[in-house]
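FYI, the numbering for the sequence shown is 1 to 101, going by my numbering. Shown next, in structure tokens, is the structure this report addresses.
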Amino acid sequence: MQAEELKQRLDQGDKLFLLDVRDEYEYEISNIGGHLIPLPELAKRLDELSADEEIVAVCKHGPRGVKAAEYLRQHGFKKVSNLRGGIHAWSDRVDRKVRKY
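So this is what it looks like as structure tokens:
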């Protein structure tokens, strides 16, 4: 999902579960909200997610989000996407106040 589409859907009030898969220190530097589950912890924390929700994986540039989305699909989650370009794309194209690091 592109940053602009995510922004539009959030503004419309679409119920999206933002899953931030970065490390905690990265989340503390900069985030767009959402639920923090670092990628290395995802397997043991699947019970915190609902397969009924539409999940958007968020990371710094995109690769960890892609891995998280693929993992979730392999485990029965159907409505999963990745924020393409990660939080940096969000900062570049949606909200420049979101800090890049």
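Note that CB positions come from ideal geometry on N, CA and C, so glycine has one too.
(request) With D20 as the anchor, note down where its beta strand (DSSP E) starts and where it stops. (result) Here the beta strand (DSSP E) through D20 covers L16 to D20.
(message) Using only the alpha-carbon positions, how far apart do L46 and D20 sit?
(response) Using only the alpha carbons, I get a separation of about 13 Å.
(message) For K7 and G34, what's the separation of their Cα atoms in angstroms?
(response) For K7 and G34, the distance between alpha carbons rounds to 13 Å.
(request) Go to A68, then tell me how far its alpha helix (DSSP H) extends in each direction, as first and last residue. (result) Membership of A68 in the alpha helix (DSSP H) is indicated by the continuous run P63 to Q74.
(request) Within its chain, find whatever has a CB closer than 7 Å to the CB of V98; leave out the 5 residues flanking it on each side and keep chain order. (result) Closer than 7 Å at the Cβ level, and outside the excluded window around V98, lie S30, I32, I87, W90 and S91.
(request) Report all residues from its chain with a CB closer than 6 Å to the CB of V80; omit the five preceding and five following residues, and keep chain order. (result) Same-chain partners within the cutoff: I55, A69, L72 and R73.
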